[in-house]
Ligand code: 4AD
Ligand code: MG
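Numbering (this note's numbering), first residue to last: 1293 to 1754.
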């Protein structure tokens, strides 16, 4: 008898190709996700990690010795097992095939104190057992989608000739100028000794990727970023992943076109390649999440200036709309409720809000001709508000220098300024929060539930 080690993914592929045959022998290794028997016949829900869906193993006392039958009947929930069996096609059932057990053994037993039971646990409890939660359906589906989404991102850029740049995680600059960096040192008493400089974890790869865009034209960085924000919200993590494309000879318009193409591509890639997982989210986590994404895919992203947005919000307040923050005036930073009003009630779809007042945006953004606003855009979507933001970069040396001096640049960014003197050109880019996009696409409402090991203020278990 020829013994082949199989995985369930391969069995499903063969099934779709019509090449999975009755009585075909299989050898599987995986975990028990359920086990019930009545003394004569038993069913194991089995998962080997290669598919989201479980397959069913059947053990039958008429086909097995008492010893093997009893062994199967005693397989514990979550135990690792090895099974030899044969395929039985069951086209009339919900499960298109099952595996009839011939022989089986335990590879890893489960102690009584195993904390993850076959029932619904709260998300809070699951966070506390982050090392086990990938085994639960919601998280199993989530981490599969997370993987495919990351792949889709690289695929989009690589197919278009973008160069992937590894920007550093240790840095001397605060790219967003918001003072929310984690400090890094070897010796707390001599914090600058090791690098001979004030060092921190990066908040954004943007400044480090710009020189590459000014060499390779189309570039992107995709990696972890760190922010010491004390905001303990469901949308803020201290460590999160960000995608930051940077393109040369491109203005804000080109930047927005890229953002729209990019988002539509990666969203539809996930819909096509994570069907079962997305169906799960659509039924179990956010009813209608598939329609929501489809709506984004089918809508052209509208554009509106910040100034128009403010006028609309003022009108809304005049007509009785009640915002928590109800005092609308030009120059204010919009709250999430205002962004959502514009995208949900006014535009009723995804939109770019552009040309923000310079004082509420970062120092590197291109000053518009009016001298008051910058060529920045935030992409707002129904249900969340801001999902990503970008801008054309200030390419005028004197203007950028003045702006940086005003903000107290301590010379560590002189190299960044020099780029404007050494063959600089119009260039633009944006940043997409990977984890926030994942929240949007799955309907999971807390950023802690879309990351493998979330880090938030006061919480760094594991
Ligand atoms: O708007 P931000 O701060 O922009 C930048 O960092 C620019 N350098 C991007 C660029 O132009 N290259 O951050 C970009 C995105 C936000 O839209 C949001 O989705 C996400 O990063 N983000 C966070 N995600 C999770 N937790 C946090 N604490 C986040 N802060 C920002
Ligand atoms: Mg932003």
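We put the beta carbon where it would ideally sit given N, CA and C, even for glycine.
Under the three-state DSSP convention, the category residue i falls into
i, result
"residue 1396", "strand"
"residue 1454", "coil"
"residue 1490", "coil"
"residue 1475", "strand"
"residue 1499", "helix"
"residue 1594", "strand"
"residue 1364", "helix"
"residue 1570", "helix"
"residue 1444", "helix"
"residue 1706", "helix"
"residue 1295", "In this prediction, residue 1295 has a pLDDT of 48, which is less than 50 and means its spatial position is unreliable; what the coordinates show is noted afterwards. Note: residue 1295 maps to coil in three-state DSSP."
"residue 1643", "strand"
"residue 1747", "coil"
"residue 1463", "strand"
"residue 1627", "coil"
"residue 1602", "helix"
Residues that DSSP places opposite residue i in a beta bridge
i, result
"residue 1351", "1334"
"residue 1654", "Per DSSP, none; premise fails for residue 1654."
"residue 1505", "For residue 1505, which the question treats as bridged, DSSP gives no partner whatsoever."
"residue 1648", "1666"
"residue 1719", "1540"
"residue 1326", "1337"
"residue 1269", "Past the boundaries of the shown model lies residue 1269; the chain is included only from 1293 to 1754, so the question cannot be answered."
"residue 1389", "1381"
"residue 1533", "1516"
Anticipated Cβ contact below 8 Å, residue i with residue j, distance rounded
i, j, result
"residue 1343", "residue 1304", "6 Å"
"residue 1719", "residue 1552", "Their Cβ separation, rounded to whole angstroms, is 19 Å, which puts residue 1719 and residue 1552 out of contact at 8 Å."
"residue 1465", "residue 1705", "6 Å"
"residue 1529", "residue 1748", "6 Å"
"residue 1292", "residue 1754", "Residue numbering for the chain in the displayed model covers 1293 to 1754; residue 1292 lies beyond these limits and cannot be assessed."
"residue 1581", "residue 1734", "7 Å"
"residue 1526", "residue 1752", "Between residue 1752 and residue 1526 the Cβ distance is about 18 Å, and since that is not below 8 Å, they are no contact."
Residue j beta carbon less than 9 Å from that of residue i
i, j, result
"residue 1473", "residue 1519", "yes"
"residue 1513", "residue 1500", "yes"
"residue 1349", "residue 1331", "no"
"residue 1323", "residue 1427", "yes"
"residue 1736", "residue 1441", "no"
"residue 1449", "residue 1510", "yes"
"residue 1629", "residue 1615", "yes"
"residue 1666", "residue 1650", "yes"
"residue 1743", "residue 1532", "yes"
"residue 1572", "residue 1433", "yes"
"residue 1648", "residue 1668", "yes"
"residue 1721", "residue 1505", "yes"
"residue 1419", "residue 1412", "no"
Cβ of residue i within 9 Å of any chain B Cβ
i, result
"residue 1650", "No chain B is part of this structure, which consists of one protein chain only."
Query raised in the report: Does the segment 1696-1716 come close enough to the segment 1525-1539 to have 3 or more Cβ pairs within less than 8 Å?
Result: Cβ pair count under 8 Å is below three, so no.
Query raised in the report: Can at least three beta-carbon pairs, one atom from the segment 1364-1379 and one from the segment 1315-1322, be found at a separation below 8 Å?
Result: Remark: three or more beta-carbon pairs, one from each stretch, lie closer than 8 Å, so the segment 1364-1379 and the segment 1315-1322 are flagged as touching.
Report task. Say whether the segment 1653-1662 touches the segment 1677-1689, bearing in mind that this needs 3 or more beta-carbon pairs closer than 8 Å, one atom from each stretch. Result -> When Cβ pairs closer than 8 Å are counted between the two stretches, the segment 1653-1662 is seen to touch the segment 1677-1689, the count reaching three or more.
Report task. Kindly confirm or deny that the segment 1456-1463 and the segment 1420-1434 touch, where touching means at least three C-beta pairs closer than 8 Å. Result -> Taking 8 Å as the limit for Cβ pairs, the verdict is that the segment 1420-1434 does not touch the segment 1456-1463.
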